[in-house]
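Peer 1:
Protein chains: 6
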Amino acid sequence: MKVCDRNWQQVEAYLKTDDRAILPLGSTEQHAQLSLSVDTILSEKISVDAAEPLGIPVFPAVPYGITPYFLSYPGTISLRQETYIRLVRDILDGLRHQGFRRILIVNGHGGNQPAGSLAIEWMADNPDTSVKFHNWWNAPLTLAKVQEIDPVASHASWMENFPWTRLADVVLPTQQKPMVDLAYMRALSPDKVKALLGDGNFGGYYQRSDEEMQAIWDVAVEETRALLEGGWA
Amino acid sequence: MKVCDRNWQQVEAYLKTDDRAILPLGSTEQHAQLSLSVDTILSEKISVDAAEPLGIPVFPAVPYGITPYFLSYPGTISLRQETYIRLVRDILDGLRHQGFRRILIVNGHGGNQPAGSLAIEWMADNPDTSVKFHNWWNAPLTLAKVQEIDPVASHASWMENFPWTRLADVVLPTQQKPMVDLAYMRALSPDKVKALLGDGNFGGYYQRSDEEMQAIWDVAVEETRALLEGGWA
Amino acid sequence: MKVCDRNWQQVEAYLKTDDRAILPLGSTEQHAQLSLSVDTILSEKISVDAAEPLGIPVFPAVPYGITPYFLSYPGTISLRQETYIRLVRDILDGLRHQGFRRILIVNGHGGNQPAGSLAIEWMADNPDTSVKFHNWWNAPLTLAKVQEIDPVASHASWMENFPWTRLADVVLPTQQKPMVDLAYMRALSPDKVKALLGDGNFGGYYQRSDEEMQAIWDVAVEETRALLEGGWA
Amino acid sequence: MKVCDRNWQQVEAYLKTDDRAILPLGSTEQHAQLSLSVDTILSEKISVDAAEPLGIPVFPAVPYGITPYFLSYPGTISLRQETYIRLVRDILDGLRHQGFRRILIVNGHGGNQPAGSLAIEWMADNPDTSVKFHNWWNAPLTLAKVQEIDPVASHASWMENFPWTRLADVVLPTQQKPMVDLAYMRALSPDKVKALLGDGNFGGYYQRSDEEMQAIWDVAVEETRALLEGGWA
Amino acid sequence: MKVCDRNWQQVEAYLKTDDRAILPLGSTEQHAQLSLSVDTILSEKISVDAAEPLGIPVFPAVPYGITPYFLSYPGTISLRQETYIRLVRDILDGLRHQGFRRILIVNGHGGNQPAGSLAIEWMADNPDTSVKFHNWWNAPLTLAKVQEIDPVASHASWMENFPWTRLADVVLPTQQKPMVDLAYMRALSPDKVKALLGDGNFGGYYQRSDEEMQAIWDVAVEETRALLEGGWA
Amino acid sequence: MKVCDRNWQQVEAYLKTDDRAILPLGSTEQHAQLSLSVDTILSEKISVDAAEPLGIPVFPAVPYGITPYFLSYPGTISLRQETYIRLVRDILDGLRHQGFRRILIVNGHGGNQPAGSLAIEWMADNPDTSVKFHNWWNAPLTLAKVQEIDPVASHASWMENFPWTRLADVVLPTQQKPMVDLAYMRALSPDKVKALLGDGNFGGYYQRSDEEMQAIWDVAVEETRALLEGGWA
């Protein structure tokens, strides 16, 4: 149930029987040859697919996140951390104002981690709520599936290349890119990051079969749905 | 050219020949029987349609805006003004960092007006830029076209009811709702606003013919495109 | 009843019988040949004149506002939007703390509009209050009176030239200045605004007769007083 | 030279020969039987009187300050410290933008002291400027004059009772109020402060002769003028 | 009772019988030939010594303060005023959350004065608390003792040279440095402050006898302890 | 080289030959039976031990961090995320102002992770710097050593029980506590966290031999020192 496909009367009716909601967090940033919106597309779609049989509303994905290291890649937008946590707090405040009490944040971008810290601070301010912060792509079962298929997988590599994130008319490299030194990269400013990373893939092949990707997706949908179904405070 | 359909290399290539970009601003808020995302859908689509022949990139629409008066309508999310202007400033900073210098903000929601003030403050901080803040729905030509068709038009009435904002399986009232007293409404807190407004339409019929709507849309696309083409600082 | 002419015991006595207050908002900015304080002088005086027969307290006018486009004109001071809305919020919080519940903000400067957005946000936080944000100079009746006298009227033109805003020993131009292109001006940074505007008048004659000005003033006082008397939440 | 009595062209002319400016800081708060605006009236008038022979522009006084301890006295408005220092910083930024480099802040209220700290922080950010923060009423010579006349003098006592701060038709107590325990008062919340202070005078007589007051004023004007004339960085 | 020498169960037990706590405020800044941490060392030690017989917990000293004038001295770190008051507010909020209601802030650095203003604002927000802001070194009895021994005493002079703040292997000047013009210094930016101050001592000898220092310390401990024992709201 | 054991002249001399500095980040929070300052003690001591042979200055540890989940444990203080990142930014700004360019942040508390995000944002603002954010206790080699000794190790268990963090006269449980469900805990507000966690240990024994602890410490010192010696941008 995407909120953009509903009106307020339908949400009002839902709130009489349930208090769960999903907020997907994305980012607009370089993903090598893939769409600049990979993180938004994936966090929103995993949310929608997981929520579908449960009828839980999925609010519009936040399309901008925290990604200062990629600032030198055209098309990348990074919010300041202070801006971002205010943004997520305001959205959580709004959800609570209307009666939502159990909120699953489905995060699609590692740099958005401060929103996870904010969620804990927010629960301390609002002790009648329960918020789960879920990095869908590195949750235990999903990550295990990825590594079972190919352990060399990373940002902008094959593991983010789904039929719904790849672009038409873009030719992908066929070789396996060696993993970049991530610890070293994290001590670099944006221009040096770009010089080190080149096309932006952190390491690994650029594409694998659609069957493998679907298998990962199925695990991720299942794992995300389980978080909606149980384990709330 | 939607940025979500492009990768960073394509944006980099664009920036060698042009420095214009579009940022649509939406809102997630009650629109009577229509989608909660009306303002996001319309600001993004008008941007895409206007930019199409020019090849100017349209960044992801900001799906949350400033709408405190509607907070008592389920599904409505309102950002605090401080949050919102920081958010828009960070996006403008990011655009400028990568070489964009002429930016058209296509706003779909009246409550987002503080972003227009921010744009002027931001130009004072960045005098090498030019930003236009465009309320697409009440720009002179578009507004004239709306009023030519039916002068009783407002938030959540027929004038926002396009084939791309109405919901399947939702029955619309057929009578013409009298205009609410807007000046009075603006002095009310959210619960009182809801009590006054009822379904959320400010006044007017709930639907008119698709031909009339297309005629308005054509004017609005044209008027928006003209802002992209000329009159920059 | 100007607050500066009262002590706390007198305000305490007033609050036992009434809960209305007025907050005038001004600006320190270029007004062509007129005083740099035109907006403060006018918003305060209209408040005092409107409140006089009702005995409603008029708090000190805020003498600085949001005016980044005029920053290149000496003597102009612009507060950042974040600063300004915090300032107005703190004042509203203080008024409410002491028992005021119906507050008329009499605004004298268009750039201060974000305070109007803040007022709505503040009512959502304080639902037992009612705040009206009143742009005295373009309220319906006042604006109609201005246009009846001379439709070419704007910032720093004759329409702001009252006996209490013009300066001694300053000679005013006698021709009618053509209206500047306001939409174009709003996409310019401060130096370019100054280059475009010259002396700062947006368009129109520089002075009209005192009788005409008094007629406008009388309408504006009446229209402002009506807002004090009725239409509260 | 009050800025409200000048236009931008006159300030522009001034800046070709000088770079000094004065910013008075006031407060709207209880002053026992005296005007709620005592601190604003005095800081502005001392500025104007000191600047008069030098032709230095006096910007509009900031009429609201930091005064949380008096919040339970009707008519008192207190800005939060964060708001206040942002406000003063924005004004200083504006002054510097236009060419002012030597700024005298004439403060009329002890609670505004954080603006003095801000001034030092601001000079570190703007090393080409020099800012003096002047508490006019307890500067060495002025304080000595007060104590010479009557050592029991304090907030809202005779020492703030000038012909330009006392109210018509208000009868003043004639006895000498014993000094309140200030250290104890500073550990109290607003309701307890009001319970302790009663009418708001901290201690001392309520009025002394106009001759004595003029003598104090003359010293204060002289002392303030000396700060304008010399000792800049 | 230093909190770093306790576990949470011990603090919990304490809170069943008492609600007082101490928060020392320090600074990391030039102190001429003395330790860069003089203000932290002294505010923490005076707190611990004063609290010792009373069993009141001393929370970890805040080691960074507001000291922009010293920014050009290597090793000096200055927090912005906004940061600092947020920091102190969060700590006060935390103390109150756990049941502390009477809090003595023992400040070791004059530049931290905005935290004193914040304490008063915080009490207005939390009227069930009482906070004392204590500048231990210039409290009446301690200051009198210092001046009895040697009236030429200041920042980084002998009056801050205790056995626990002086460094091994550092040779101290033996002459008495003339007092710097403090009013003049406060109108200077950091580089000019350093040029004026030289080694950083504001004036006075660099060292006096340990007996004299111990005598001052004894008075200061006594005076601080008295604030813990009585005079709360 | 602890900065508290140095004066500004010594730091100035150091900066002529090197530009590295260390900033330890701690926390004041429940650690079961151990000191409330475990994270501060360990991050500071690991910094000092690692830096010792290299002569790199260790600035005072920040003793308060982000720990909202533990707010119901007496003695725990949690800074808001916005406060914390401003605090760390100000310290980084100060270090850079004086010439430091390579900064190792040695973090002792997982909740402080937003400071790692801030460090990357700060490098984007200051591209001439390199900052490493080092969680000393779960860096690869140190974590491997811990798990080699006993894989059941966590917050407040034996792995944080060093001779320098345990308290005299506190008896420790001797059994192995089962690991708490951390994912579940992260969706709980503070009171529920305390109800779930009991004494605060997340899981594992409470103490192991001093030899084992020294072996871990030796690895951690070595691993931290290696970060100081190489791998800078």
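For the record, the sequence lines run as chains A, B, C, D, E and F.
Each residue of the first sequence is one higher than the one before, starting from 1 at the first, in my numbering.
Each residue of the second sequence is one higher than the one before, starting from 1001 at the first, in my numbering.
Each residue of the third sequence is one higher than the one before, starting from 2001 at the first, in my numbering.
Each residue of the fourth sequence is one higher than the one before, starting from 3001 at the first, in my numbering.
Each residue of the fifth sequence is one higher than the one before, starting from 4001 at the first, in my numbering.
Each residue of the sixth sequence is one higher than the one before, starting from 5001 at the first, in my numbering.
Beta carbons are placed, not taken as given, at the ideal position from N, Cα and C, and that holds for glycine.
Determine contact between the segment 4177-4187 of chain E and the segment 4059-4066 of chain E, defined as no fewer than three beta-carbon pairs at a distance below 8 Å.
Peer 2: Contact fails: fewer than three Cβ-Cβ distances are below 8 Å.
Peer 1: Please name the residue, chosen from E:T4076, E:Q4010, E:E4229, that lies closest to E:Q4098 on a Cα-to-Cα basis.
Peer 2: Working through the fifth sequence from its first residue, we reach residue 4098 of chain E at position 98. Of the listed residues, the one whose Cα sits closest to E:Q4098 is E:Q4010.
Peer 1: Considering only the beta carbon of each residue, do F:L5025 and F:S5043 sit closer than 8 Å?
Peer 2: Position 25 of the sixth sequence, counted from the first residue, corresponds to residue 5025 of chain F. Position 43 of the sixth sequence, counted from the first residue, corresponds to residue 5043 of chain F. Yes; because the gap between Cβ atoms is below 8 Å, this pair is in contact.
Peer 1: Which word fits A:K16, buried or exposed, when buried means at least 16 other C-beta atoms lie within 10 angstroms of its C-beta?
Peer 2: One-based indexing of the first sequence puts residue 16 of chain A at position 16. Classification of A:K16: exposed, given that the 10 Å Cβ count is below 16.
Peer 1: Just curious, the alpha helix (DSSP H) that E:H4155 is in, first and last residue?
Peer 2: Locating residue 4155 of chain E in the fifth sequence gives position 155, where the first residue counts as 1. It is not in any alpha helix (DSSP H) - E:H4155 carries neither H nor E in the DSSP assignment.
Peer 1: If we count Cβ pairs, one from each stretch, closer than 8 Å, do we get three or more for the segment 2071-2090 of chain C versus the segment 3068-3084 of chain D?
Peer 2: yes
Peer 1: Drop a sphere of 10 angstroms on the beta-carbon of C:D2144, count the other beta-carbons inside from all chains shown, and report buried for 16 or more, exposed for fewer.
Peer 2: Stepping through the third sequence from its first residue, residue 2144 of chain C is reached at position 144. Looking at the sequence shown, residue 2144 of chain C is not Asp but Ala. Flag for C:A2144 reads exposed.
Peer 1: I want to see whether chain B comes within less than 8 Å of C:Y2064, judged by CB atoms only; does it?
Peer 2: Against the third sequence, residue 2064 of chain C aligns to sequence position 64. No - not a single Cβ of chain B is within 8 Å of the one on C:Y2064.
Peer 1: Between the beta-carbon of C:R2101 and the beta-carbon of C:D2218, is there less than 8 Å?
Peer 2: Counting from one through the third sequence, the residue named residue 2101 of chain C turns up at place 101. Counting from one through the third sequence, the residue named residue 2218 of chain C turns up at place 218. No.
Peer 1: On the three-state DSSP scale, how would you describe E:T4165?
Peer 2: In the fifth sequence, the residue the question calls residue 4165 of chain E occupies position 165. Three-state result, E:T4165: coil.
Peer 1: To the nearest whole angstrom, what separates the beta carbons of E:F4202 and E:S4130, a pair I think is in contact under 8 Å?
Peer 2: Here residue 4202 of chain E is taken as the residue at index 202 of the fifth sequence, counted from 1. Here residue 4130 of chain E is taken as the residue at index 130 of the fifth sequence, counted from 1. Going by Cβ atoms, the distance from E:F4202 to E:S4130 rounds to 33 Å, so no, they are not a contact pair.
Peer 1: Of all the alpha helix (DSSP H) runs that stay within the bounds of the segment 72-125 of chain A, which reach a length of 4 or more residues?
Peer 2: 81-97, 114-125
Peer 1: By the 10 Å Cβ neighbour count, where 16 or more other Cβ atoms means buried, how is E:P4053 classified, buried or exposed?
Peer 2: Counted from its first residue, the fifth sequence places residue 4053 of chain E at position 53. E:P4053 should be labelled exposed.
Peer 1: In chain order, what residues of the same chain lie with their CB nearer than 8 Å to the CB of D:G3204, ignoring the 5 residues before and after it?
Peer 2: As a working note, residue 3204 of chain D is residue 204 in the fourth sequence. The answer, listed in chain order, is D3150, V3152, A3153, S3154, S3157, W3158, M3159, Q3176, K3177, M3179.
Peer 1: Which residues in chain C have a C-beta closer than 9 Å to the C-beta of D:G3094? List them in chain order.
Peer 2: As a working note, residue 3094 of chain D is residue 94 in the fourth sequence. Near D:G3094 (Cβ distances below 9 Å), the residues of chain C are T2028, Y2064, L2071, T2076, I2077, S2078, L2079.
Peer 1: Measuring straight from C-alpha to C-alpha, what distance separates A:L104 and E:Q4030?
Peer 2: By one-based count along the first sequence, residue 104 of chain A stands at place 104. By one-based count along the fifth sequence, residue 4030 of chain E stands at place 30. Taking the straight line from one Cα to the other gives about 49 Å.
Peer 1: Taking the alpha helix (DSSP H) that C:P2140 belongs to, which residues open and close that run?
Peer 2: For this step, residue 2140 of chain C is matched to residue 140 along the third sequence. Taken as a continuous stretch (DSSP letters only), the alpha helix (DSSP H) holding C:P2140 covers 2140-2149.
Peer 1: Between A:T28 and A:T76, which are expected to be in contact by the criterion C-beta below 8 Å, what is the C-beta distance as a whole number of angstroms?
Peer 2: Position 28 of the first sequence, counted from the start, is the residue given in the question as residue 28 of chain A. Position 76 of the first sequence, counted from the start, is the residue given in the question as residue 76 of chain A. That belief holds up - the Cβ atoms of A:T28 and A:T76 are roughly 7 Å apart, short of 8 Å.
Peer 1: Given a limit of 7 Å on CB to CB distance, which residues of the segment 2115-2148 of chain C reach chain D?
Peer 2: Cβ contacts with chain D come from no residue of the segment 2115-2148 of chain C.
Peer 1: Can you name, in chain order, every residue of its own chain whose Cβ lies under 8 Å from the Cβ of C:P2127, other than the five neighbours on each side?
Peer 2: The residue you call residue 2127 of chain C lines up with position 127 of the third sequence. Same-chain partners within the cutoff: there are none.
Peer 1: List the residues of chain B that C:K2177 touches, going by C-beta distances under 9 Å, in chain order.
Peer 2: Start at 1 with the first residue of the third sequence, and residue 2177 of chain C comes out as number 177. By Cβ distance, chain B contributes nothing, its closest Cβ being about 21 Å from C:K2177, past 9 Å.
Peer 1: With DSSP as the reference, label B:S990 as helix, strand or coil.
Peer 2: The question about residue 990 of chain B has no answer, for chain B in this structure spans 1001 to 1233.
Peer 1: Would C:G2111 be called buried (16 or more neighbouring beta carbons within 10 Å of its own) or exposed?
Peer 2: Along the third sequence, one-based indexing puts residue 2111 of chain C at 111. By the 10 Å Cβ count, C:G2111 comes out buried.
Peer 1: For D:Q3113, count the other beta carbons within 10 Å of its own beta carbon; 16 or more makes it buried, fewer makes it exposed. Which is it?
Peer 2: Within the fourth sequence, the letter at position 113 stands for residue 3113 of chain D. Counting the other Cβ atoms within 10 Å of the Cβ of D:Q3113 gives 16 or more, which makes it buried.
Peer 1: If you drop the 5 nearest sequence neighbours on each side, which residues of the same chain put their C-beta closer than 8 Å to that of F:C5004?
Peer 2: The count along the sixth sequence starts at 1 and reaches residue 5004 of chain F at position 4. Hits under 8 Å: P5060.
Peer 1: Looking only at C-alpha atoms, which of B:G1231, B:P1173, B:A1124, B:H1134 sits nearest to B:A1220?
Peer 2: In the second sequence, the residue the question calls residue 1220 of chain B occupies position 220. The shortest Cα separation from B:A1220 among B:G1231, B:P1173, B:A1124, B:H1134 belongs to B:H1134.
Peer 1: List, in chain order, every chain E residue whose beta-carbon is nearer than 7 Å to that of F:I5091.
Peer 2: Translated into positions along the sixth sequence, residue 5091 of chain F becomes position 91. Those are Y4064, I4077, listed as they occur along chain E.
Peer 1: With a CB to CB cut of under 7 Å and the five nearest residues on each side skipped, what residues in its chain are close to D:R3166?
Peer 2: Looking up residue 3166 of chain D in the fourth sequence gives position 166. Answer for D:R3166: L3034, listed in chain order.
Peer 1: For the segment 5185-5216 of chain F, which residues have a beta carbon sitting closer than 8 Å to at least one beta carbon of chain A?
Peer 2: R5186, A5187, L5188, S5189, P5190, D5191, K5192
Peer 1: Going along chain B in order, which residues have a C-beta closer than 9 Å to the C-beta of C:G2231?
Peer 2: Counted from its first residue, the third sequence places residue 2231 of chain C at position 231. Neighbours of C:G2231 on chain B, chain order: D1181, A1183, Y1184, A1187.
Peer 1: Would you call E:V3998 buried or exposed, if buried means 16 or more other Cβ atoms sit within 10 Å of its Cβ?
Peer 2: Residue 3998 of chain E cannot be examined here, being either before or after the span of chain E that is shown, 4001 to 4233.
Peer 1: How about E:A4050 and E:L4228: are their beta carbons less than 8 Å apart?
Peer 2: Translated into positions along the fifth sequence, residue 4050 of chain E becomes position 50. Translated into positions along the fifth sequence, residue 4228 of chain E becomes position 228. It is a contact, given that the beta carbons lie within the stated cut-off.
Peer 1: Going by other Cβ atoms of all chains shown within 10 Å of its Cβ, with 16 needed for buried, is A:A32 buried or exposed?
Peer 2: Counting from 1 along the first sequence, the entry for residue 32 of chain A is found at position 32. Buried: at least 16 other Cβ atoms inside 10 Å.
Peer 1: Between D:F3070 and F:L5196, what straight-line distance do the alpha-carbon atoms span, to the nearest angstrom?
Peer 2: Taking the fourth sequence and counting its residues from 1, one reaches residue 3070 of chain D at position 70. Taking the sixth sequence and counting its residues from 1, one reaches residue 5196 of chain F at position 196. Approximately 44 Å between the Cα atoms of the pair.
Peer 1: Pull out every residue of the segment 3044-3056 of chain D whose Cβ sits closer than 7 Å to any Cβ of chain E, in chain order.
Peer 2: Listed in sequence order: no entries.
Peer 1: Compute the distance between the beta-carbons of C:P2074 and D:W3008, then report whether it is under 8 Å.
Peer 2: Your numbering for residue 2074 of chain C matches position 74 in the third sequence. Your numbering for residue 3008 of chain D matches position 8 in the fourth sequence. One thing to note: C:P2074 has its Cβ within 8 Å of the Cβ of D:W3008.
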